[in-house]
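Numbering (this note's numbering), first residue to last: 12 to 1114.
Beta carbons are placed, not taken as given, at the ideal position from N, Cα and C, and that holds for glycine.
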Amino acid sequence: MKKKLLILFMRISIHMLTIAFLVYIGSGIVWAHETDAQQLKDTFIQTKKGTFSLKQVIRKIEQSSDFNFTFYDSHLLATEVVIKGGNFDLESLLEEIARQSGLSFLQVNNNIAIRSNRAKDIDSSVNELINIEGVIRDAKTGEPLPGVNILIKGTTKGTVTDIEGRFKIDAERNETLLVSFIGYESQEIRVGNESFLVITLNEDNKSLDEVVIIGYGTQSKQDVSGSIASLSVTDKRLAELPLMNPEQLMQGRIAGVNVTQNSGTPGGRSTVRIRGASSITGGNDPLYVVDGIPINVGNYNGAAGGAVSQNPLSNISPNEIESIEVLKDAAAAAIYGSRASNGVIIITTKRGSEGRSRVSFNAYTGIQEVSRRIPLMNGPEWGELINEARANVGLAPIFEDPSTLPTTDWQDEIFRRAPIQNYEVSLSGGTQKSQYFLSGGYFDQSGVVIASGFRRGNFRFNFDQHLNDRMKTGVSLSLTRSTQDRVSTSDRQGIVAVAIVKSPAIPVRLEDGSLNPVDPYISNLDNPVIIAEQVRNQAFNNRVIGNGYIDFEIIDGLTLRSTLGVDYLGLEEVLFVPRNNLTVVGRTTNGSGTNSFTQDIGWINENTLSYIKEFSADHRFNALLGYSLQTSEFSRTIASATNFALESIPTLASASIKNSSSTGSSWGLVSYFSRFNYSFKNKLVLAASYRIDGSSRFSENNKYGSFPSVSAAYRLGQEDFLRNLKWLNEFKIRGSWGRTGNQEIGNFTSRGLFAGGFNYIGLSGLAPIQLENPDLTWETTEQTNLGFDFSFLNKRLNVSTDVYLKQTSGLLLDVLLPATSGFNSSLQNVGNVENRGLELAFNSVNIRNNKFSWLSDFNINFNRNKVTNLPGGPRPLGFNGYASIIKEGFPLGTFYGWRIIRVNPETGNFDFEDLDGDGNIPFASTSTDVQVIGSAQPKFTGGLTNTFTLGKFDASVFMHFVYGNQIFDLAEYSYGRLHTWFNSSRKIAENRWRQPGDITTVQRAAWGDPTRNGSVSDRTISDGSFLRIKNVSLGYNHSNPKLEKIGIQGVRLYLAANNLFTFTRYQGYDPEVNGFEDDARFGFDANSYPQARSYIFGLNVTF
């Protein structure tokens, strides 16, 4: 019995309706008319002569055929029958057993139920109340199906099956049972003399045509001609995993979608890239559409500074999500036009369905810990290194006897084992006319770094109402309140960075037990424990996402839909450093505080007219016309103050020096769009879409842009010469081309701007600060895609592969201007970026029977990113002149610096590669010896999931892998220079050059770095490849009549672990990093907050 509790949720999922329904009740031998079922007459059993128990006979039949037997009364198995030796067809054999034993057999497909016929004859005309029990199973797999509705026709009396697929109901003879389950053929069963029913459900081919969500509608998967990936969150392989946000659902599970968790900060952001990054300045985030509403996912952080950020998607609970669709190619995404060049992610939340009310409760709690620590030097080792570094440049030692120095492990001081907990409850159900879904939850994650954490309270209400046969209306509403307890991870207040480099010889506390604020070696390096405990750094986020719609079917097939949606985000940030002598900021400012309030309100009204028509069995046509109007208003107010009167009063009013500023902007988008699809004989599919967007962000010259797409699919597997191949279920070829845009630039980028604050001859006034460019237009991406879909062995093995070419032109980049213009630069459409790649996705049913199943999902993506045109030459980024660069012919995320040949055995200094051969290595930004030293772009990424079930137990193992990328480790850049008071890793320190003749890869320690060994070089470039066992779970499902009597349909207990093991050569905390949250500077480990390993215990209860 697989993860039975899971399947309860599957009835809400429209696109994952998979399996079947057919029932026939009677006595004697009955078989279903199912072409895939094994026939009794065609099955022969070789028997021995003798007297055998029914149990022995059944075992022989099951071993010799594909049939499985079920029974309600185990005593029946002791019945003895006399068997003649020989080779009998199964129908004749069962007839003979039935004649001797008084038993009857009910066969539907490959399942045979055993029942006793020795019941008292009762007059069928008498309306006697019969206690009916039964079990409902999947016709193909034999697995019990929970959540199936059984209703007595003409009444409101009914029940649903439990986790084991069993049900009980009292009905009168000759009444009719209505058996229904979304995705299955509804069935009516006449109540007769039977008191126990074995029902198997067959596939409803029409409803189970794997419907996927697309832009402004749904589509049968067989008619999809673009590249769309669908992820059913209610699927058993995802629904029971303790995940925290939607990105974790997608990571490693969708080919072509690369999700990088920027750090382990609770509530922190992730970088999501669909088929690579296409822009340098215009943004590379995909468009997110939640229940039809495009939402904002920008970086709203204003007050806290540093590398602390909040993920807007963390306001969406994974338990609310029904499915996630990813529109990857232009044919699928072009319907969203100017916002779709980075792909589109459509998130559909759960909705109610017809049937009895169902309550589900899910809770888990667990513990988290840092999975890896950097081995650092202790106090005596550090003191010895300092003395040696000074001696190597002729300076006197600092410590007379380093062995006497104390040791503080700063990592022990800032890291902790932290709790995590989550509670969710949902109520769903409805009638034929009204369906509802309500859910509420509370999530609380304490961070593995002290004083950090994230808390979220969420509520959702989805409702649909059929007003009449032609009119339907509904609402979706999500309310979320979250609090993020932040700790800075950069600069002087960067807790992780300070813990790595701070001297181990400094005690955490003074002799009186108070925290030690003094660093005798680096005066501006605070005690990280003080930073965590004394500095208040919080963000409070209120989020409302909602929409209402009304559908009106004007005539059969012609539907008008109008939708009004809103996305509101209110973010308050508070940063307060108290007035005391414990921190550098506190001492120098007498207390410092900053409050920021950001508000972003987006409104959207969309109106569509859709038409669906089947002209005959051979011709199917649907069309869509639409109009959309979207506006967004952004405002931010920031107030800061210093010189507080009291450290106990953090309000800005208590400070004497105050500053404030505010800003605001708005933008609008008006759109006209259309889509046409045509299917011929379920073999040939033709599709086209066209969208026109008008954006307020561009001037009148280029306010409107057009975004077309065309695609086709050919289901070759439906041709006569392939259709009869039993091992081939689907063979489809897809091809597409389309154009999309990117409007993610500033709201006034094309305008000439003026600013105040300028003075001339004592008078204040305005001055121009930005040159107008009326010809500025969209970044445009053209994408070509070729795909193949295969399904084999009765859909037990499914393969999908895509190759693509994605070319972006007209990049929005600053171009240097002559000084005579009065401006340094002007934003122009220059430069091109290209992504090309291959995607492969496999899913297979390796083993599946009544007792055991094993399912696998695998995907892998190969993407090659390259800047193909960059007018003006290379653009260095980073620090010390180099570290990262945008360079024609190389990918985004390219590292740039000096390349090391060796450590000179005689001097202990690095020998750098003399690229120009002039015998000189200048360490300046103008050096001709700098070169490309690495790339953050991986060669391939992917994931593998294996799911197992055995009886009431289930298990899942998910692995995520990234290969071929490199990381610039800023921590190693700092502690590996061996030239200052910073602590260092033991591995680097132990392998350092010490005397002439040493052969090593680590330079000498040299105070002040007079020979520039610490320059940006491939010394700090590391292999970032990793294989991570991301999620492991083990569950147990249980139900019984005693639980049902108190209203509990089923219980599931589970254990899970996240980030269990990571196999990598990287020496930092974690190889999954993007410290700057930037594509041009991708792959930097900026002393990132480490990801946590968690151990979870959970409970699911369904009522």
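Burial of residue 984 is indicated by the presence of at least 16 other C-beta atoms within 10 angstroms of its C-beta. Here DSSP, grouped into helix, strand and coil, assigns residue 1053 to helix. Going by beta carbons, residue 263 and residue 954 fall inside the 8 Å limit. For residue 101, there is no enclosing beta strand (DSSP E); the enclosing alpha helix (DSSP H) covers residues 101-112. Closest in alpha carbon position to residue 571, among 771, 634 and 942, is 634.
Under the 10 Å beta carbon count, residue 829 is surrounded by fewer than 16 other beta carbons and is classified as exposed.
In the structure shown, the three-state DSSP call for residue 238 is coil. A distance below 8 Å separates the beta carbons of residue 336 and residue 241. With 16 or more other CB atoms across the displayed protein chains lying within 10 angstroms of its CB, residue 157 is buried. In this structure, DSSP gives residue 755 a state outside helix and strand, which the three-state scheme calls coil. Distance between residue 197 and residue 295, taken at the CA atoms: about 46 Å. Around the beta carbon of residue 656, fewer than 16 other beta carbons lie within 10 angstroms, which makes this residue exposed. Note on residue 971: 16 or more other CB atoms within 10 angstroms of its CB, so buried under the neighbour-count rule.
Under DSSP, the beta-bridge partners assigned to residue 634 are 622 and 687. Going by C-alpha positions, residue 801 is about 59 Å away from residue 541. Per DSSP, residue 60 lies in no beta strand (DSSP E) segment and is marked neither H nor E. Residue 734 and residue 728 have their C-alpha atoms roughly 6 Å apart. Short of 6 Å from the beta carbon of residue 437, and not among the five residues preceding or following it, lie these beta carbons of its own chain, in chain order: 371 and 450. Separation of residue 926 and residue 1045 (C-alpha to C-alpha, rounded to the nearest whole angstrom) is 56 Å. Here residue 922 is exposed: its Cβ has fewer than 16 other Cβ atoms, across all protein chains shown, within 10 Å. Boundaries of the alpha helix (DSSP H) harbouring residue 398: 390-402, taken from the DSSP string. Note on geometry: alpha-carbon atoms of residue 596 and residue 530 lie some 14 Å from one another. When DSSP reads this structure, residue 283 sits in a beta bridge with 270.
Residue 848 places its beta carbon less than 8 Å from that of residue 874. The shortest C-alpha to C-alpha distance from residue 68 to any of 77, 104 and 54 is the one to 104. Assignment of residue 186 by DSSP, reduced to helix, strand and coil, places it in the coil class. Counting only the Cα atoms, residue 645 lies some 33 Å from residue 846. When rounded, the separation of the alpha-carbon atoms in residue 1085 and residue 877 is 19 Å. Residue pairing of residue 231 in beta bridges, as defined by DSSP: 222. DSSP lists 753 as the bridge partner or partners of residue 790.
Counting other Cβ atoms within 10 Å of its Cβ, residue 482 stays below 16 and is therefore classed as exposed. Here residue 965 is buried. Its C-beta has 16 or more other C-beta atoms within 10 Å.
From the listed residues 795, 1061, 235 and 1078, the smallest Cα separation to residue 286 is found for 795.
By the Cβ-count criterion, residue 738 is exposed, with fewer than 16 other Cβ atoms from all chains shown falling within 10 Å of its own Cβ. Here residue 192 is near residue 159, since their CB atoms are less than 8 Å apart. Counting along the chain, no beta strand (DSSP E) covers residue 541; the unbroken alpha helix (DSSP H) around it starts and ends at 539-545.
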